[in-house]
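Going letter by letter, the sequence shown gives residues 0 to 632 in numbering that gives the first Met the number 0. All residues carry an ideal CB built from backbone N, CA and C; glycine is no exception. Written below as structure tokens is the structure these notes are about.
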Amino acid sequence: MSARVRLGRRHPEPPGRQGGRTGRERRGARPSVLRLAALTGASALTLSAVLATPLNPSPQQAEAEEGKKVLTVAVAQSVDSLSPFLATRLSSTSINRLMYEYLTDYDPGDNHAVPGLATEWKPSADKLTWTYTIRSGAKWSDGKSITAKDAAWTFNKMMTDEAAATANGSFVANFRKVTAPSDTEFVVELKKPQATMTALDVPIVPEHVWSKVKDLSKFNNDKTFPVVGNGPYVLTGYKPDSYVRMEANKTFWRGAPKFDELVFKYYKDGDAAVAALRKGEVSFVSGLTPAQADSLAHQPDIKVNDAPGRRFYALAVNPGARAKDGTRMGDGDPSLRDPRLREALFRAVDRKTLIDKVFQGHAVDGEGYLPPRFSAYFWKPSAEQERGYDPAAAARLLDEAGYKKNGEGRRTGKDGKPLDYRLLCHATDPNDKAVGQYLKEWWGKLGIGVTLDCLDNVSDPWLAGTYDLAFDGWSVNPDPDFVLSIHTCDALPATPKRTGATDNFICDKKYDALYARQLAEYDPARRADLVKQMQSRLYDLGYMNVMAYPNAVEAYRTDQIAHIQTMPAKAGNIYGQDGYWSWWSAKPAASDGSSDDSDSTGVVIGVIAGAVVLAGIAAFLTYRRRTTAEDRE
0 MSARVRLGRR HPEPPGRQGG RTGRERRGAR PSVLRLAALT GASALTLSAV
50 LATPLNPSPQ QAEAEEGKKV LTVAVAQSVD SLSPFLATRL SSTSINRLMY
100 EYLTDYDPGD NHAVPGLATE WKPSADKLTW TYTIRSGAKW SDGKSITAKD
150 AAWTFNKMMT DEAAATANGS FVANFRKVTA PSDTEFVVEL KKPQATMTAL
200 DVPIVPEHVW SKVKDLSKFN NDKTFPVVGN GPYVLTGYKP DSYVRMEANK
250 TFWRGAPKFD ELVFKYYKDG DAAVAALRKG EVSFVSGLTP AQADSLAHQP
300 DIKVNDAPGR RFYALAVNPG ARAKDGTRMG DGDPSLRDPR LREALFRAVD
350 RKTLIDKVFQ GHAVDGEGYL PPRFSAYFWK PSAEQERGYD PAAAARLLDE
400 AGYKKNGEGR RTGKDGKPLD YRLLCHATDP NDKAVGQYLK EWWGKLGIGV
450 TLDCLDNVSD PWLAGTYDLA FDGWSVNPDP DFVLSIHTCD ALPATPKRTG
500 ATDNFICDKK YDALYARQLA EYDPARRADL VKQMQSRLYD LGYMNVMAYP
550 NAVEAYRTDQ IAHIQTMPAK AGNIYGQDGY WSWWSAKPAA SDGSSDDSDS
600 TGVVIGVIAG AVVLAGIAAF LTYRRRTTAE DRE
């Protein structure tokens, strides 16, 4: 987490944040959150479930507590934080989406704004003041009333506390003032028009709980359970790198979920997750490889969902990482600041081969920054602009730029040393490893060396700028503002010792000017044109090479899940949606595999048995920004 990662908001997740916010997924961990290196989590939790442990790697499905309906989801990305102010990975933001309502939601059919915590909204004539009507009678899970003051406190905190702005600060950078004139009226005053006012992907938190937190930069929202929220599920248990456990919110305003419990269980190995699905130990698995999807396609009681995705899969170049104060960071190879060398590298990448051989048709050729699923914003380079596959042209560019071959056939830099780049990749992502091998071969023919640096934790080197190139990716929201914002100069860390919201340290004045214009443009067509100009500029800079738009390939057991909502409704994904529709809508199957809408004893989904203390499992949940395996997916 997409958080992606790729990188979502980033895949660097898987790999984008929104990425984002529920939409966001980054393949790797994001900036400021990584300061929270040790998520302490809750003490051992007793669950009526048997999960895989070192002593019991293949638990057997057993009878559950009478009447319980439990949905267990296998995930591949660990949580960076359960605080909505800090979380950036797709895994984490997706959980936040289940815990807390936003002001508005995205319709699962066509992504238009629909009521969430706010029942209606309207701008002033000059569009500098927005008034939201907060749902009356709504309750937090502890029974206290939800009011506009909770929304005002949430946004005010983001405007005044740097830590609170870690994940979603770009949404409030243009806010002048927020107030709550009454319990049902929330008002935002802007400095200038802002086109994202019906797409503020910010979880609203209860003031009576969060106002007691002394330091938001160190609070991960994982010490006391149940966690007070107002979404369709309530967080009741968490063990870092193991599981997240949630219970249905019976008072949720849209109606309680049909499953009593929702458990996200981490599997570091994708084949192990697929094996658990076959045995019925989990009900749902996402991020399937082509081979895994093919093996499940004709198995009884399992449905494979293969739909256009909302992620991109890219190669990011370290542009010379620096902080906002101008101080250089990291140790990226300075030769990569040469646009001719970057173009040569990208012209040696055969996207068609990657689509055919690595993704095996479960993806489409990458071009612009935003996936074709978002047709209004989708952009393609012109024929003259495109950096197509042309290894001969790549070699000529290197010759012209002065990167000559030595006696051993190696290209040398201006310092006379052979060019040899470190390529940061995710150890748990088979796509990264496979694509990396192709890049080693193709760039090797140019005389350039590549060392694959595949790590379980790509976040630390990414945030420190200690890489040359990296696999990147984000899950994109219906409104693309967030994934566009992570390439602005404002997203850079204030100083080398701080963290920022940047993806890979890009800072370009022309791009920033276009970003400011699109944010203030309310006309959809004109804004879309500006967004396309931004993608064109990003493409020309050459620090981001989008290689593919992977499909969402996932599977679930139909004898456990009778129905589940995809997003969009036609040809959409289930995991990592821009909302909570999939898990909120999921209906349990009866013992005969049919839908069971009753409140009586039903089939229990997941790995469930007698009370067992969960002592240890592997690491949990999937960059943006970055990942592509949300969240560095």
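Original post:
Is there contact between the segment 116-131 and the segment 574-582, where contact requires at least three CB pairs shorter than 8 Å?
Top reply: no
**OP:** Express the C-alpha separation of S82 and K67 in angstroms, rounding to a whole number.
**Re:** On the sequence shown, residue 67 is found 68 positions in, with the first residue counted as 1. On the sequence shown, residue 82 is found 83 positions in, with the first residue counted as 1. Taking the straight line joining both Cα atoms gives about 28 Å.
Original post:
Where does P122 fall in DSSP's three states?
Top reply: The residue given as residue 122 occupies position 123 in the sequence shown. In the structure shown, P122 sits in a strand (DSSP, three-state: E or B).
**OP:** Would you kindly check if the distance between the Cβ of R309 and the Cβ of S93 is under 8 Å?
**Re:** Taking the sequence shown and counting its residues from 1, one reaches residue 93 at position 94. Taking the sequence shown and counting its residues from 1, one reaches residue 309 at position 310. No, Cβ-Cβ distance for S93 and R309 is not below 8 Å.
Original post:
Can you list, in chain order, the residues of its chain whose CB lies under 8 Å from that of Y521, leaving out five sequence neighbours each side?
Top reply: Working through the sequence shown from its first residue, we reach residue 521 at position 522. Answer for Y521: K126, P192, A194, listed in chain order.
Original post:
Is it true that the CB of F358 sits closer than 8 Å to the CB of A86?
Top reply: Locating residue 86 in the sequence shown gives position 87, counting from the first residue. Locating residue 358 in the sequence shown gives position 359, counting from the first residue. Going by C-beta atoms, A86 is not nearer than 8 Å to F358.
**OP:** Would you identify the three-state DSSP class for C453, choosing helix, strand or coil?
**Re:** For this step, residue 453 is matched to residue 454 along the sequence shown. In this structure, C453 counts as strand in the three-state DSSP scheme.
**OP:** Figure out for me which residue from L540, N229, G319, Q534 has the closest Cα to the Cα of W205.
**Re:** Taking the sequence shown and counting its residues from 1, the one referred to as residue 205 is at position 206. What sits at residue 205 in the sequence shown is Pro, not Trp. Of the listed residues, the one whose Cα sits closest to P205 is N229.
Subject >> Beta-carbon proximity list for D324, same chain, < 6 Å, skipping 5 on both sides >> reply: Your numbering for residue 324 matches position 325 in the sequence shown. T494, listed in sequence order.
Subject >> Cβ neighbours of D160 in the same chain (closer than 7 Å, five flanking residues each side left out) >> reply: Position 161 of the sequence shown, counted from the first residue, corresponds to residue 160. Only L215 meet the Cβ criterion.
Original post:
Going by the CB atoms, is the gap between W252 and R346 shorter than 8 Å?
Top reply: Here residue 346 refers to the residue found at position 347 of the sequence shown. Here residue 252 refers to the residue found at position 253 of the sequence shown. The answer is no: Cβ separation not under 8 Å.
Original post:
Which partner residues of M566 appear in the DSSP bridge assignment?
Top reply: Mapped onto the sequence shown, residue 566 falls at position 567. The partner list for M566 (beta bridge, DSSP) reads N572.
**OP:** Would you kindly work out how many angstroms separate the C-alpha atoms of K176 and G108, rounded to a whole number?
**Re:** Locating residue 176 in the sequence shown gives position 177, counting from the first residue. Locating residue 108 in the sequence shown gives position 109, counting from the first residue. Each residue's alpha carbon lies about 33 Å from the other.
Subject >> Three-way DSSP call (helix, strand, coil) for P58 in this model >> reply: As a position in the sequence shown, residue 58 is number 59, starting the count at 1. Below a pLDDT of 50, predicted positions are generally treated as unreliable, and P58, at 34, falls in that range; the measurement from the model is reported next regardless. P58: coil per DSSP, three-state reduction.
Original post:
Is there contact here, the segment 464-473 with the segment 276-288, by at least three beta-carbon pairs under 8 Å?
Top reply: no
Original post:
Below 8 Å between beta carbons: does that hold for D240 and S458?
Top reply: Residue mapping note: residue 240 aligns to position 241 of the sequence shown, counting from 1. Residue mapping note: residue 458 aligns to position 459 of the sequence shown, counting from 1. No. Outside cutoff.
Original post:
Who pairs with S144 in a beta bridge, going by DSSP?
Top reply: Numbered from its first residue, the sequence shown carries residue 144 at position 145. Bridge partners of S144: K138.
**OP:** Please classify M196: does DSSP put it in a helix, a strand, or coil?
**Re:** Sequence index remark: in the sequence shown, residue 196 carries index 197 (1-based). Residue state, collapsed to three classes: coil.
**OP:** Output yes or no for whether 8 Å exceeds the beta carbon distance between P479 and K444.
**Re:** Numbered from its first residue, the sequence shown carries residue 479 at position 480. Numbered from its first residue, the sequence shown carries residue 444 at position 445. For P479 and K444, no; Cβs fall outside 8 Å.
Original post:
Hey, out of T71, A433, T178, whose CA is closest to A272's CA?
Top reply: Residue numbering aside, residue 272 sits at position 273 when the sequence shown is read from its first letter. Comparing Cα positions, the closest option is T71.
Subject >> C-alpha distance - P587 paired with H562, whole-angstrom precision >> reply: Locating residue 587 in the sequence shown gives position 588, where the first residue counts as 1. Locating residue 562 in the sequence shown gives position 563, where the first residue counts as 1. Distance between the alpha carbons of P587 and H562: 7 Å.
Original post:
A463 and V303 look like a contact to me (Cβ under 8 Å); what is the Cβ gap, rounded to whole Å?
Top reply: Sequence index remark: in the sequence shown, residue 463 carries index 464 (1-based). Sequence index remark: in the sequence shown, residue 303 carries index 304 (1-based). So it is not a contact: roughly 39 Å between Cβ atoms.
**OP:** In the DSSP assignment, find the alpha helix (DSSP H) that holds P523 and state where it starts and stops.
**Re:** Against the sequence shown, residue 523 aligns to sequence position 524. First-last of the alpha helix (DSSP H) with P523: 523-540.
Original post:
In the DSSP assignment, what residue or residues form a beta bridge with S181?
Top reply: Translated into positions along the sequence shown, residue 181 becomes position 182. S181 is bridged to E184.
Original post:
For the segment 376-388 against the segment 412-423, are there 3 or more C-beta pairs whose distance is under 8 Å?
Top reply: no
Original post:
What are the start and end residues of the alpha helix (DSSP H) that includes N544?
Top reply: As a working mapping, residue 544 is identified with position 545 in the sequence shown. Careful: N544 lies outside any alpha helix (DSSP H), inside the beta strand (DSSP E) at 543-549.
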